[in-house]
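In our numbering, the protein residues as written are 1303 to 1576. The C-beta atom is built at its ideal place from N, Cα and C for all residues, glycine as well. Being a predicted model, the structure only gives us computed values, none of them experimental. Structure first, commentary second.
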């Protein structure tokens, strides 16, 4: 609101030093005390991730901010520079704000831009590849040994390149998901994996398998599940409780992975300076 007493930065500082808070998410229309905000945010972002949704990007939005709070929203380019300086992950919508917070809470830190993609039926693999490359990730070729091991596990008509397309074979043998993801993760060229869920097939079994897989692998993985039904919704809940992020759209998955990557890069950069 108008911040007539406590300011945004007061809440930021409080939650920054609160041991029970792991990630801070915030919605802001303007920064009233920029110097103090930058000082506090710099210190906090080294302790925990900070995700900010800044409204009033365009001219009409800036006018609306002024009528709402009586404060000038300021240039969006300036906010971009400030957020980069303090290591904040910027969100452009409530959806992105929630997605990035979930990602930073659940996805282990990773370095590198190489993504492995493993999918079942439905053709989601190409969409995941497009979404990853659109935000700067790479989809590298799997090494010869990785492809050989995948070929031993999959039928001749399955694709063992990246993205790995296991086809409808996984409907008969759902355990292929776990087996193939592990093989791809053992490839030194891969930093993280995105898994395309099996649509509406073998929902409960797939969910059980992913929860077990979480305790067996060392590289981060997330799931794209572009179908919805009552049992899929229940699986979303179970996977969330197991700290496995699930995204309905490939674009959300790729951007959320990038949010984690950006935060890790910021911390690494600051550590080299300090």
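Short Cβ contact (9 Å threshold) for residue i with residue j
i: residue 1526; j: residue 1499; result: yes
i: residue 1340; j: residue 1319; result: no
i: residue 1405; j: residue 1558; result: yes
i: residue 1546; j: residue 1496; result: no
i: residue 1355; j: residue 1381; result: no
i: residue 1389; j: residue 1572; result: yes
i: residue 1358; j: residue 1331; result: yes
i: residue 1506; j: residue 1533; result: yes
i: residue 1437; j: residue 1484; result: no
For residue i, the nearest candidate out of the options (CA to CA)
i: residue 1349; options: 1357, 1431 and 1316; result: 1316
i: residue 1422; options: 1416, 1430 and 1415; result: 1430
i: residue 1322; options: 1338, 1407, 1399 and 1344; result: 1407
i: residue 1553; options: 1531, 1412 and 1402; result: 1402
i: residue 1539; options: 1510, 1438 and 1476; result: 1510
i: residue 1443; options: 1455, 1489 and 1551; result: 1489
i: residue 1564; options: 1353, 1314, 1342 and 1310; result: 1353
i: residue 1502; options: 1537, 1523 and 1491; result: 1537
i: residue 1516; options: 1357, 1542 and 1505; result: 1542
i: residue 1414; options: 1338, 1448 and 1567; result: 1567
i: residue 1440; options: 1411, 1569, 1387 and 1419; result: 1419
i: residue 1508; options: 1436, 1549, 1480 and 1337; result: 1480
i: residue 1548; options: 1411, 1491, 1569 and 1512; result: 1512
i: residue 1387; options: 1462, 1395 and 1336; result: 1336
i: residue 1464; options: 1491, 1504 and 1377; result: 1491
i: residue 1523; options: 1412, 1435 and 1530; result: 1412
Rounded Cβ spacing between residue i and residue j (contact assumed at less than 8 Å)
i: residue 1486; j: residue 1478; result: 12 Å between Cβ atoms; not a contact.
i: residue 1555; j: residue 1433; result: 7 Å
i: residue 1482; j: residue 1466; result: 6 Å
i: residue 1579; j: residue 1521; result: The structure shown does not extend to residue 1579, since the chain spans only 1303 to 1576, so no value can be given for it.
i: residue 1314; j: residue 1326; result: 7 Å
i: residue 1469; j: residue 1459; result: 7 Å
i: residue 1409; j: residue 1528; result: Their Cβ separation, rounded to whole angstroms, is 19 Å, which puts residue 1409 and residue 1528 out of contact at 8 Å.
i: residue 1351; j: residue 1391; result: 6 Å
i: residue 1311; j: residue 1342; result: 5 Å
DSSP-derived helix/strand/coil call for residue i
i: residue 1396; result: helix
i: residue 1574; result: helix
i: residue 1374; result: A caution first: residue 1374 carries a pLDDT of 44, below 50, which makes its placement in the model too unreliable to give a value.
i: residue 1326; result: strand
i: residue 1364; result: Reliability fails at residue 1364, whose pLDDT of 48 lies under 50, so the model's placement of it is uncertain and no value is given.
i: residue 1569; result: helix
i: residue 1354; result: strand
i: residue 1321; result: coil
i: residue 1313; result: helix
i: residue 1347; result: helix
i: residue 1472; result: helix
i: residue 1307; result: coil
i: residue 1596; result: In the structure displayed, the chain extends from 1303 to 1576; residue 1596 sits before or after that span and is not available.
i: residue 1564; result: helix
Segments assigned alpha helix (DSSP H), at least 4 residues, entirely inside the stretch 1479 to 1562: If we require 4 residues or more, the alpha helix (DSSP H) runs fully inside the stretch 1479 to 1562 come out as 1505 to 1516 and 1532 to 1543.
Which ranges would you report for the beta strand (DSSP E) in the stretch 1400 to 1455 if only whole runs of at least 3 residues count? As summarised for the stretch 1400 to 1455, the continuous beta strand (DSSP E) elements at least 3 residues long and confined to that stretch are 1417 to 1421, given in chain order.
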